[in-house]
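In what follows, a structure is listed as structure tokens, so that the remarks can point back to it.
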Amino acid sequence: MWKKLHNKYRYSLILLRELVRFDFKIKYQDSILGYIWSVMKPLFMFTILYVVFIKILHVGEGIKHWPVALLAGIVLWQFFLDVTNGTIKSIVNNGGLLRKIKFPRYIIVVANTISAFITLAINSIVILLFAIFNQVEPSWGIILVIPLVIELFVVALGVALFLSAVYVRFRDIQYIWDVISQALFYGSAIIFPISLLAHFTNHWLVSVALANPIAQIVQDVRHLAISHDVPSLWTVGNGNPWLYLPPIAICIVIFFFGAWYFKSRSPYFAEDV
Amino acid sequence: MKSGIAVSIKNVVKDFHLPHEKEDSLKLKVLNHFKKNTRIGHDTYHALRGINIDIKKGEFIGILGRNGAGKSTLLKIIAEIYQPTSGSISVHGKLVPFIELGVGFNPNLSGRDNVYLNGAMLGFSRKEVDEMYDSIVEFAELKQFMDQKLKNYSSGMQVRLAFSMAIRADGDILLLDEVLAVGDSAFKKKCYDYFDYLKEKKKTIIFVTHSMAQVEKYCTRAVLIEKGKVTIDGNPSEVTSAYNNLFES
Chain A
1421 MWKKLHNKYR
1431 YSLILLRELV
1441 RFDFKIKYQD
1451 SILGYIWSVM
1461 KPLFMFTILY
1471 VVFIKILHVG
1481 EGIKHWPVAL
1491 LAGIVLWQFF
1501 LDVTNGTIKS
1511 IVNNGGLLRK
1521 IKFPRYIIVV
1531 ANTISAFITL
1541 AINSIVILLF
1551 AIFNQVEPSW
1561 GIILVIPLVI
1571 ELFVVALGVA
1581 LFLSAVYVRF
1591 RDIQYIWDVI
1601 SQALFYGSAI
1611 IFPISLLAHF
1621 TNHWLVSVAL
1631 ANPIAQIVQD
1641 VRHLAISHDV
1651 PSLWTVGNGN
1661 PWLYLPPIAI
1671 CIVIFFFGAW
1681 YFKSRSPYFA
1691 EDV
Chain B
24 MKSGIAVSIK
34 NVVKDFHLPH
44 EKEDSLKLKV
54 LNHFKKNTRI
64 GHDTYHALRG
74 INIDIKKGEF
84 IGILGRNGAG
94 KSTLLKIIAE
104 IYQPTSGSIS
114 VHGKLVPFIE
124 LGVGFNPNLS
134 GRDNVYLNGA
144 MLGFSRKEVD
154 EMYDSIVEFA
164 ELKQFMDQKL
174 KNYSSGMQVR
184 LAFSMAIRAD
194 GDILLLDEVL
204 AVGDSAFKKK
214 CYDYFDYLKE
224 KKKTIIFVTH
234 SMAQVEKYCT
244 RAVLIEKGKV
254 TIDGNPSEVT
264 SAYNNLFES
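So the sequences go chain by chain: A and B.
So the first sequence is residues 1421 to 1693, counted in this note's numbering.
So the second sequence is residues 24 to 272, counted in this note's numbering.
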């Protein structure tokens, strides 16, 4: 059975590997610092936010290691944004290719997602260095970051599949997505601690906000790997595991809906682009 | 599976819906929805109107027709790039389409990288390309240019590289869409040698072209397509003379 599966996806895997490889090569050729830029980008953003929010507005005071948690949030968000914004035009941009050869169309989207994931992996090393420098105490909870990153990967891929397929026929989606992603950025409490929200409202509302998978993932990673002072869905809900059902269900629904929509539209990409 | 048949094309119809104005944005969609009476119309363009062709294994079939007759659309439907509006296609064997040479070639990558990328498009793993790399380069006569970016190649050089890759693809059925349009006579000779080789190997070839000489030289059968329909299906000399008559009347 393994062999049958392997034969079925052999072509997809070969193509995926080469597309990821050359995507990276093209992205950074002709730039002097190359790969370093993918690390510098979130670092610059971090520096700006650090000065504005931490040094001037004193957001996150009293939360241990908040700057590291801030950086981790930015890096995770940047991954989500790289995947979704980077993929939205990918089907249209590869129109020439689609009209000349038959290959599984989703490869284009998956290749983009994997490229972004590699950048995330590189950036994680920077977070690790920051954490060591800030003397963040290591804990076993850090192992749970792995399923959380998988969850983020799945939801990002689902959104990307949907957006790239819609964009073929409906170019407005990029502007709509710009607005939605802005709202999501603030709604997911990337640049401020979610405890700020808890100050103004009750815990019940915070757990509603955490039904958004992006918020849940970012806060969980912060809580588990960096600082127990950052509330997560687990602490807000007093350890009620059922509260994890909504964000995980949303994540799975987004993925399958995105994949289904993409699959149903993909036979017509060649003539629609 | 019917034995002896390589590609079976049954009642294939392909319509393209062409909006008068491209209706890509929300505003236009909404406007058009409300302005039902003055709605911007769609033209339906019937590219293929019921094509029936059975291609036997080992046939070298030429597809002829004027520009816009539907030849390339048919080829793309056989290659499963387009979906037929109705009708069906069944393909028995591994099909390799050459709708264009050098699929996936990227001008910003070196010749070497493009060999690997195009190889992947054709279904070759990195290891398989490694093994054939030297002979591809040798055949293309581009040894000293492989580390240069493709955008610095002349168009002849690009075609040579693409062709050297293409002939590596090992299929049972090959779709060729006027790939011989470019190149000097030395290169053309290589192409003809390749055609002879394909014929010798009893591969099934579907060949779209405007060159009557090539049809008469290589094809065992030819079809003429006019306005999305097969008008003549028979031996090459019969079909080429019918094709030439199209331009005389």
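Where a beta carbon is used, it is the ideal one built from N, C-alpha and C, also for glycine.
Remember, it's a predicted structure, so these values are computed and weren't measured experimentally.
Segment limits, beta strand (DSSP E) that includes A/Leu1549: Here residue 1549 of chain A refers to the residue found at position 129 when the first sequence is read from its first residue. Note, A/Leu1549: premise wrong, no beta strand (DSSP E); alpha helix (DSSP H) at 1526-1553.
Proximity of B/Asn129 and B/Leu140 at Cβ, strictly below 9 Å: Here residue 129 of chain B refers to the residue found at position 106 when the second sequence is read from its first residue. Here residue 140 of chain B refers to the residue found at position 117 when the second sequence is read from its first residue. Yes, they are a contact pair.
Selected residue, minimal CA-CA separation from B/Glu261, among B/Gly251, B/Glu239, B/Glu249: Position 238 of the second sequence holds residue 261 of chain B. Among B/Gly251, B/Glu239, B/Glu249, the Cα nearest to that of B/Glu261 belongs to B/Glu239.
A/Ser1535 vs A/Asp1443 beta-carbon contact at 9 Å: Sequence index remark: in the first sequence, residue 1535 of chain A carries index 115 (1-based). Sequence index remark: in the first sequence, residue 1443 of chain A carries index 23 (1-based). Cβ atoms of A/Ser1535 and A/Asp1443: closer than 9 Å.
Which of helix, strand or coil DSSP assigns to B/His69: On the second sequence, residue 69 of chain B is found 46 positions in, with the first residue counted as 1. If DSSP states are grouped into helix, strand and coil, B/His69 belongs with the strands.
B/Thr96 to B/Lys174 span [Cα, whole Å]: Here residue 96 of chain B refers to the residue found at position 73 of the second sequence. Here residue 174 of chain B refers to the residue found at position 151 of the second sequence. Roughly 29 Å separates the two Cα atoms.
Test: A/Arg1519 CB closer than 9 Å to a CB of chain B: Along the first sequence, one-based indexing puts residue 1519 of chain A at 99. Yes, because at least one Cβ of chain B sits closer than 9 Å to the Cβ of A/Arg1519.
Chain-ordered neighbours of A/Tyr1431 on chain B, where CB pairs are closer than 7 Å: Here the question's residue 1431 of chain A lines up with position 11 in the first sequence. Going along chain B in sequence order, the residues near A/Tyr1431 (Cβ under 7 Å) are Gly146.
Contact with chain B by A/Gln1498, beta-carbon distance below 9 Å: Sequence index remark: in the first sequence, residue 1498 of chain A carries index 78 (1-based). No - not a single Cβ of chain B is within 9 Å of the one on A/Gln1498.
Exposure label - A/Val1556; buried when at least 16 CB within 10 Å: For the purposes of this step, residue 1556 of chain A is taken as residue 136 along the first sequence, with counting starting at 1. By the 10 Å Cβ count, A/Val1556 comes out buried.
Interface flag, A/Phe1582 vs chain B, CB-CB below 9 Å: Locating residue 1582 of chain A in the first sequence gives position 162, where the first residue counts as 1. No - not a single Cβ of chain B is within 9 Å of the one on A/Phe1582.
Option in A/Tyr1431, A/Ile1474, A/Leu1644 with minimal Cα separation from A/Ile1566: Reading the first sequence from its first residue, position 146 is the one you call residue 1566 of chain A. Residue A/Leu1644 is the option with its Cα nearest to A/Ile1566.
Cα-Cα separation between B/Lys78 and A/Ile1538, rounded to whole angstroms: Numbered from its first residue, the second sequence carries residue 78 of chain B at position 55. Numbered from its first residue, the first sequence carries residue 1538 of chain A at position 118. For the record, residue 78 of chain B in the displayed sequence is Ile; it is not Lys. C-alpha separation (whole angstroms): 47 Å.
A/Lys1428, enclosing alpha helix (DSSP H) - first and last residue: Taking the first sequence and counting its residues from 1, one reaches residue 1428 of chain A at position 8. Unbroken alpha helix (DSSP H) run through A/Lys1428: 1422-1448.
Spatial distance of B/Phe39 from B/Pro107 (CA atoms): Numbered from 1 along the second sequence, position 16 holds the residue referred to as residue 39 of chain B. Numbered from 1 along the second sequence, position 84 holds the residue referred to as residue 107 of chain B. So the alpha carbons of these two residues sit roughly 10 Å apart.
Three-pair Cβ contact test at 8 Å for the segment 1583-1603 of chain A versus the segment 1622-1638 of chain A: no
In chain order, each alpha helix (DSSP H) run of at least 4 residues that lies wholly inside the segment 162-201 of chain B: 178-189
Burial state of A/Trp1497, where buried means 16 or more other Cβ atoms lie within 10 Å: Translated into positions along the first sequence, residue 1497 of chain A becomes position 77. Buried, by the Cβ-count rule.
Residue ranges of each alpha helix (DSSP H) within the segment 83-117 of chain B, 4 or longer: 94-101
Cross-strand partners of A/Pro1666 (DSSP beta bridge): Numbered from its first residue, the first sequence carries residue 1666 of chain A at position 246. Looking at the DSSP assignment, A/Pro1666 forms no beta bridge with any residue, so it has no partner.
Where A/Leu1433 falls, given that 16 or more other Cβ within 10 Å makes a residue buried: In the first sequence, the residue the question calls residue 1433 of chain A occupies position 13. Classification for A/Leu1433: exposed.
Assigned exposure category for A/Leu1630 - 16 Cβ within 10 Å defines buried: As a first step, residue 1630 of chain A is located in the first sequence; it is residue number 210 there, counting from the start. Per the 10 Å Cβ criterion, buried.
Beta-carbon gap between B/Ile196 and B/Lys117 smaller than 9 Å: Working through the second sequence from its first residue, we reach residue 196 of chain B at position 173. Working through the second sequence from its first residue, we reach residue 117 of chain B at position 94. Yes. Within cutoff.
Cβ distance (whole Å) where A/Leu1490 is taken to contact A/Val1546 below 8 Å: Residue numbering aside, residue 1490 of chain A sits at position 70 when the first sequence is read from its first letter. Residue numbering aside, residue 1546 of chain A sits at position 126 when the first sequence is read from its first letter. Actually they do not touch by this definition, with Cβ atoms about 13 Å apart.
C-beta atoms of A/Leu1477 and A/Val1529 nearer than 9 Å: Residue mapping note: residue 1477 of chain A aligns to position 57 of the first sequence, counting from 1. Residue mapping note: residue 1529 of chain A aligns to position 109 of the first sequence, counting from 1. For A/Leu1477 and A/Val1529, no; Cβs fall outside 9 Å.
Contact set for A/Ile1542: own chain, Cβ-Cβ below 8 Å, skip 5 residues either direction: One-based indexing of the first sequence puts residue 1542 of chain A at position 122. So the list reads Tyr1455, Ser1458, Val1459, once near-sequence residues are dropped.
Residue span of the beta strand (DSSP E) that contains B/Lys33, given as start and end: For the purposes of this step, residue 33 of chain B is taken as residue 10 along the second sequence, with counting starting at 1. Segment 28-42, the beta strand (DSSP E) holding B/Lys33.
Burial state of B/Gly88 (16 or more Cβ within 10 Å): Counted from its first residue, the second sequence places residue 88 of chain B at position 65. Classification of B/Gly88: buried, given that the 10 Å Cβ count is 16 or more.
For B/Ala143, the nearest candidate out of A/Tyr1664, A/Lys1428, A/Phe1499, A/Glu1438 (CA to CA): For this step, residue 143 of chain B is matched to residue 120 along the second sequence. Of the listed residues, the one whose Cα sits closest to B/Ala143 is A/Glu1438.
Any C-beta of chain B under 9 Å from that of A/Pro1687: Within the first sequence, numbered from 1, the residue matching residue 1687 of chain A stands at position 267. At least one chain B Cβ lies under 9 Å of A/Pro1687.
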